[in-house]
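Protein chains in written order, with my numbering: chain E, 943 to 1308; chain A, 273 to 810. I have placed the structure first, in the form of structure tokens, so that the comments after it can refer back to it.
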Amino acid sequence: MNAMSSDRPFLAVVAVIVAIAALLCMSAVLPFGLSAYLANTIGQLAAFAVLALSLDLIWGYLGILSLGHGLFFSIGGYTIAMYLLKHSFEVTGKVPDFLQFMGWASFPFYWSGFGFFGYAVLATAAVTLLISGIFGYVSFRSRVGGVYFSIVTQALVYVAMLLMFRNDTGFGGNNGMTGFTLLFGFPIGSKGAVIAMAAVSVIVLALTMLGCRLLLSSRFGMLMIAARDDETRLRTLGYDTLLLKLAVWCLSALVAALAGMLYVPQVGIINPRLLAPDLSLEIAVWVAVGGRGHLTGAVIGAVLVNAIKFWLSAAAPDIWPFILSGLIVMVVFVFPNGLIDLAKFKLQRTMLSRNRILSEPREVRR
Amino acid sequence: MSYVRTAIGVVLAALVVASSGGARADQRADMIAKVCGDAATMGDAARGFIRTAADGSSDERVWAAQIATALMDRKLSCDADGAVAANADGPIDAVTRAKRQPLGEARSPLLNLRNRALLETAQAALALRGSQDLGRRTAALRTLERQASSLPEQLFEAAIHDETDPALKAQIAAVAQAAALNSPDVAKRISAIQRIADVPTRRALALIAPLTKDPAYASNPDFLRAVDSATAAINRGITIGDTLATIYNGLSFASILFMAAIGLAVIFGLMGIINLAQGEFIMLGAYVTWLVQEALRHIAPTLLDWYLLIAIPVVFLVTAVIGIVLEAALLRHLYRRPLMSLLATWAVSLFLINLIRVTFGTQNLQFVTPFYITGGLPVIGDFIFTWNRMFAIAFAIVTLVATWAVVRLTPLGLNIRAVTQNRTMAGCIGIPVRSVDMLAFGLGSGLAGLAGLALAPIYSVNPQMGQNFVIDSFMVVVLGGVGTMAGTVVAALGIGQVNVLIEPIWGAVAAKVIVLLMIIGFLQWRPEGLFAVKGRRK
Chain E
943 MNAMSSDRPF
953 LAVVAVIVAI
963 AALLCMSAVL
973 PFGLSAYLAN
983 TIGQLAAFAV
993 LALSLDLIWG
1003 YLGILSLGHG
1013 LFFSIGGYTI
1023 AMYLLKHSFE
1033 VTGKVPDFLQ
1043 FMGWASFPFY
1053 WSGFGFFGYA
1063 VLATAAVTLL
1073 ISGIFGYVSF
1083 RSRVGGVYFS
1093 IVTQALVYVA
1103 MLLMFRNDTG
1113 FGGNNGMTGF
1123 TLLFGFPIGS
1133 KGAVIAMAAV
1143 SVIVLALTML
1153 GCRLLLSSRF
1163 GMLMIAARDD
1173 ETRLRTLGYD
1183 TLLLKLAVWC
1193 LSALVAALAG
1203 MLYVPQVGII
1213 NPRLLAPDLS
1223 LEIAVWVAVG
1233 GRGHLTGAVI
1243 GAVLVNAIKF
1253 WLSAAAPDIW
1263 PFILSGLIVM
1273 VVFVFPNGLI
1283 DLAKFKLQRT
1293 MLSRNRILSE
1303 PREVRR
Chain A
273 MSYVRTAIGV
283 VLAALVVASS
293 GGARADQRAD
303 MIAKVCGDAA
313 TMGDAARGFI
323 RTAADGSSDE
333 RVWAAQIATA
343 LMDRKLSCDA
353 DGAVAANADG
363 PIDAVTRAKR
373 QPLGEARSPL
383 LNLRNRALLE
393 TAQAALALRG
403 SQDLGRRTAA
413 LRTLERQASS
423 LPEQLFEAAI
433 HDETDPALKA
443 QIAAVAQAAA
453 LNSPDVAKRI
463 SAIQRIADVP
473 TRRALALIAP
483 LTKDPAYASN
493 PDFLRAVDSA
503 TAAINRGITI
513 GDTLATIYNG
523 LSFASILFMA
533 AIGLAVIFGL
543 MGIINLAQGE
553 FIMLGAYVTW
563 LVQEALRHIA
573 PTLLDWYLLI
583 AIPVVFLVTA
593 VIGIVLEAAL
603 LRHLYRRPLM
613 SLLATWAVSL
623 FLINLIRVTF
633 GTQNLQFVTP
643 FYITGGLPVI
653 GDFIFTWNRM
663 FAIAFAIVTL
673 VATWAVVRLT
683 PLGLNIRAVT
693 QNRTMAGCIG
703 IPVRSVDMLA
713 FGLGSGLAGL
723 AGLALAPIYS
733 VNPQMGQNFV
743 IDSFMVVVLG
753 GVGTMAGTVV
763 AALGIGQVNV
773 LIEPIWGAVA
783 AKVIVLLMII
793 GFLQWRPEGL
803 FAVKGRRK
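Written as structure tokens, this is what we have:
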């Protein structure tokens, strides 16, 4: 089983993540250490890694490709942005830009309650579960799968983008929401807050990895992989795959929303461009590059692709799309399982002398 | 003899002119007095000029035009003895047109805004009757058109009588209808109302609607009946026209959707691959069309107008070849991994968009609008049968017939259908499955390219254009199902019409949301699409 064989790399990656989290915590307390900029970059990468994990859960372990995960990511992003704006407004009295643009005197009714963080989190979960639940139930019940499902999810995120581009929805329209000032009463731009957000993101990433790992090594995880490999057989054996798929789909949506909640406070803006079908496709590319069906693969893919993107969008923005498409073609044709292929290949070479003695007799016996 | 007769004629003519000249001079002096009076009398003078334009003799109209122009240009000075107009050779008397200097303190009358507008109308009316220049007459008609209902109908009747240019004559006749509404003769007004109601547009309604406040509406039952039935007829016409326009717009949107989706459906049916780069083939088609246009501009400028037709084979071949190359290089490795093929084709789309962006830039391309797709045919109400939309519809119908013929009547089509139904069995009986895939992909890409050609003259062409169609055309494929062309046709028509129906009520975004929800709901009922071929689920 995939999950078993990648045990050591998994522990290594979790160890690295925990180390980074420790480093961030130290930097927050001590005068030296990571700069705020670097910490912010690490925090954003961690949020993307969580997002990649959410897609890997549904694509890598259940074989369902969603091209609409940007929708759930944005739900988390929008609700946290609403919390930040409402919180800033309640403490400092700063009126959000979009209210001034629209000439509205007060917040629309559905903004009430967003001043409390707990309410915002609950609202995120509720909205995400509602949308993913209804859409998932309707799609899986009629056994819409494969390419059909991917295309319909893409249309879903596209329609959501069109909707959010409207200025009269009360979510900031095409300008989105920005100008956050406070987070739990602390100024959001201070070094301490930036590093704390990054540290939280990295810790959440580690916890998500461990959580996914626990889920996958349970009986439930076994069922997921069984459904991916042969759904018909699993159904014949008497398992309700509709419920299974629906549960994983909703869980995946929740994790994506969590990633959005981590991401938006760190970049300081959310706008409907986050809902562009291109971003949702990019998430699939991160997972494919890293290696779908491996938790470590998703994390490494997200970090790697986004690190290159951060670097290139500043250094040579014109080249980035070409690099990205080249990367996809390479992954699709040369490393069908992503960088995991490369890693296995390398590990075998470097550990050849030790491994051969241990593993060869076993191979012979089998 | 002839000399004598001519001499008598000349004398008689001179006598007539002289005798009428006296009365005319009085009239002229009266007008000048009004022009030199206060604002109210100046308004009377302007209305007088309009009346002159309607029924005055040609001499009188020339004189009135001169005075009106002088007044507008502030070249007229009033004095104790009437008025003096500044002329190129020096000042002349306004009435007698003899040279004289202004007496004592001359003042130049000042027009207020209301009178200026009136005088402009008078000038236009005089120009319509008297100007030798067709352009000036046309411009004058434009000015008069806006207030036709306040002008005397004789003005237009006389103008129609004198007009030599047939096109302008027809235009004057159209404007005259509005003027006839103003006739003192109720019978004439009623016939004018009926004539206007013959062309039921919103403009006609705007002319008829105010008549309900007319005194005759209350007093004359015939007039009342005429106005009411005309209003009803016009409203009916507008409703029919709007309905037709909606259907027509939906048809043209559907035909573009169909052209974008048919290639997608063929490829999906055959190989189970959704080509996310389909929109970029539309974009490539439009760019190739532009290149053909530019090539013609340099090589054979006389054929420039026909670039849309000349480009058809070029666009099809170029996009088909690009599709075949793509299939042979990339997609053939992905038939067993349809989800990965989504990513791979997206990579292709990203690559193509950016390649075009780097090569051509992001600005919209400029297309010549050839004569055969300019303008349109007004049908009923405000519905105009525009040729550019008709071009797209006709093009889609031709494409549909041609594709149907290829799929149904050619050996390639037979092979495509066989491979779509059962790939393994088709391979077993000796059909070259690989080359069928390749050619079908070329066919699909070529059809998308043709969609780009049809879009080129009616849509903004830039590297991003394909993105706007691709999701809609996926929806067509999902809704229509694979295996039959009928599914694609019906789905394209349905989505096109629903979009156009909902758009004016709730807006374009709501239309997209509702269409998507309808499709998701529909998939509950028929998960394989509208016209899916019955068989085992793969």
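All C-beta atoms, glycine included, are put in the ideal place defined by N, C-alpha and C. Treat the numbers as computed from the prediction; the structure is a model and nothing was measured.
Beta-carbon proximity check, residue i vs residue j, cutoff 9 Å
i	j	result
threonine 760 (chain A)	isoleucine 534 (chain A)	yes
alanine 723 (chain A)	isoleucine 582 (chain A)	no
glycine 1280 (chain E)	glycine 1232 (chain E)	yes
glycine 714 (chain A)	valine 587 (chain A)	no
valine 679 (chain A)	methionine 612 (chain A)	no
alanine 1198 (chain E)	leucine 993 (chain E)	yes
leucine 637 (chain A)	serine 1081 (chain E)	no
glycine 716 (chain A)	glycine 595 (chain A)	yes
glycine 551 (chain A)	serine 732 (chain A)	no
valine 597 (chain A)	valine 560 (chain A)	no
phenylalanine 428 (chain A)	valine 447 (chain A)	yes
glycine 1019 (chain E)	valine 1206 (chain E)	yes
serine 1160 (chain E)	leucine 622 (chain A)	no
arginine 409 (chain A)	alanine 397 (chain A)	no
valine 772 (chain A)	asparagine 521 (chain A)	yes
valine 1142 (chain E)	asparagine 982 (chain E)	no
proline 472 (chain A)	isoleucine 519 (chain A)	no
threonine 1034 (chain E)	valine 1063 (chain E)	no
Residues near residue i by beta carbon distance below 8 Å, same chain, minus five either side
i	result
leucine 1071 (chain E)	Cys1192, Ala1195, Leu1196
proline 363 (chain A)	Ser349, Val356, Ala357, Lys371, Arg372, Gln373, Pro374
threonine 1111 (chain E)	Leu1105
serine 1301 (chain E)	Any reading at serine 1301 (chain E) is ruled out, since the residue's pLDDT is 35, under 50, leaving its predicted position unreliable.
glutamate 1305 (chain E)	Here glutamate 1305 (chain E) scores only 29 on pLDDT, less than 50, and its place in the model should not be relied on; the value that follows carries that caveat. Around glutamate 1305 (chain E): no qualifying Cβ.
valine 1146 (chain E)	Ala988, Val992, Leu1200, Leu1204
Local Cβ density within 10 Å of residue i, reported as buried at 16 or more and exposed below that
i	result
valine 670 (chain A)	exposed
proline 729 (chain A)	buried
alanine 502 (chain A)	buried
tryptophan 618 (chain A)	buried
arginine 1308 (chain E)	Unreliable placement is indicated for arginine 1308 (chain E), whose pLDDT of 27 sits below 50; the coordinate value is still reported in the next sentence. That one is exposed.
glycine 1235 (chain E)	buried
valine 958 (chain E)	exposed
Close Cβ partners of residue i (< 7 Å) along its chain, the five nearest in sequence each way excluded
i	result
leucine 1027 (chain E)	Pro1038, Met1119, Phe1122
isoleucine 791 (chain A)	Met747, Val750, Leu751
serine 291 (chain A)	For serine 291 (chain A), the pLDDT reaches just 48, beneath the cut-off of 50, and the residue's location in the model is therefore unreliable, leaving the point undetermined.
aspartate 351 (chain A)	Pro374, Leu375, Gly376, Ala378
leucine 719 (chain A)	Met531, Ile534, Gly535, Thr671, Thr675
glycine 1005 (chain E)	Arg1170
isoleucine 665 (chain A)	Leu523, Ser524, Ser527
Cβ separation of residue i and residue j, assumed to be a contact under 8 Å, to the nearest whole Å
i	j	result
alanine 1168 (chain E)	leucine 1176 (chain E)	5 Å
glycine 1243 (chain E)	tryptophan 1262 (chain E)	Glycine 1243 (chain E) to tryptophan 1262 (chain E), Cβ: 16 Å. No contact.
threonine 1095 (chain E)	serine 1008 (chain E)	5 Å
isoleucine 811 (chain A)	alanine 411 (chain A)	Residue numbering for chain A in the displayed model covers 273 to 810; residue 811 (chain A) lies beyond these limits and cannot be assessed.
asparagine 384 (chain A)	alanine 318 (chain A)	Their Cβ separation, rounded to whole angstroms, is 11 Å, which puts asparagine 384 (chain A) and alanine 318 (chain A) out of contact at 8 Å.
isoleucine 965 (chain E)	leucine 976 (chain E)	Reading the sequence as shown, one finds leucine at residue 965 (chain E) and not isoleucine. The pair is a contact, with the Cβ atoms about 7 Å apart (cut-off 8 Å).
leucine 390 (chain A)	glycine 315 (chain A)	6 Å
The ligand NAP heavy atom lying under 8 Å from the CB of residue i
i	result
leucine 1158 (chain E)	This structure lacks the ligand NAP; in fact it carries no ligand of any kind.
6 Å Cβ shell around residue i - same chain, five flanking residues per side excluded
i	result
tyrosine 607 (chain A)	Met543
leucine 496 (chain A)	Tyr489
proline 642 (chain A)	Asp577
proline 799 (chain A)	none
Contact list for residue i against chain C, beta-carbon separation under 8 Å
i	result
proline 610 (chain A)	Absence of chain C from the displayed structure is noted, the protein chains being E and A.
Using Cβ-Cβ distances below 7 Å, what residues of the segment 775 to 794 of chain A are close to chain E?
Listed by position along the chain: Val781, Lys784, Val785, Leu788, Ile792.
Which residues, taken in chain order from the segment 537 to 570 of chain A, show a beta carbon closer than 9 Å to some beta carbon of chain E?
Result list: Phe540, Gly544, Ile545, Ile546, Leu548.
Tell me which residues of the segment 1079 to 1108 of chain E have at least one Cβ-Cβ distance to chain A shorter than 8 Å, keeping chain order.
For the segment 1079 to 1108 of chain E, which is checked against every Cβ of chain A, the residues closer than 8 Å are Val1080, Ser1081, Arg1083, Ser1084, Arg1085, Val1086, Gly1088, Val1089, Tyr1090, Ser1092, Ile1093, Val1094, Gln1096, Ala1097, Leu1098, Tyr1100, Val1101, Leu1104, Leu1105, Phe1107, Arg1108.
Taking a Cβ distance cut-off of 7 Å, strictly less, list which residues of the segment 1256 to 1279 of chain E are near chain A, in chain order.
Listed in chain order, the positions of the segment 1256 to 1279 of chain E with a beta carbon within less than 7 Å of a beta carbon of chain A are Asp1260, Pro1263, Phe1264, Leu1266, Ser1267, Ile1270, Val1271, Val1274, Phe1275.
The segment 1221 to 1242 of chain E: positions lying closer than 8 Å to chain A by Cβ
Taking 8 Å as the Cβ-Cβ cut-off against chain A, the residues of the segment 1221 to 1242 of chain E that qualify are Leu1223, Ala1226, Val1227, Ala1230.
What residues from the segment 329 to 348 of chain A come within 8 Å of chain E, judged by C-beta to C-beta, listed N to C?
For the segment 329 to 348 of chain A, which is checked against every Cβ of chain E, not one residue is closer than 8 Å.
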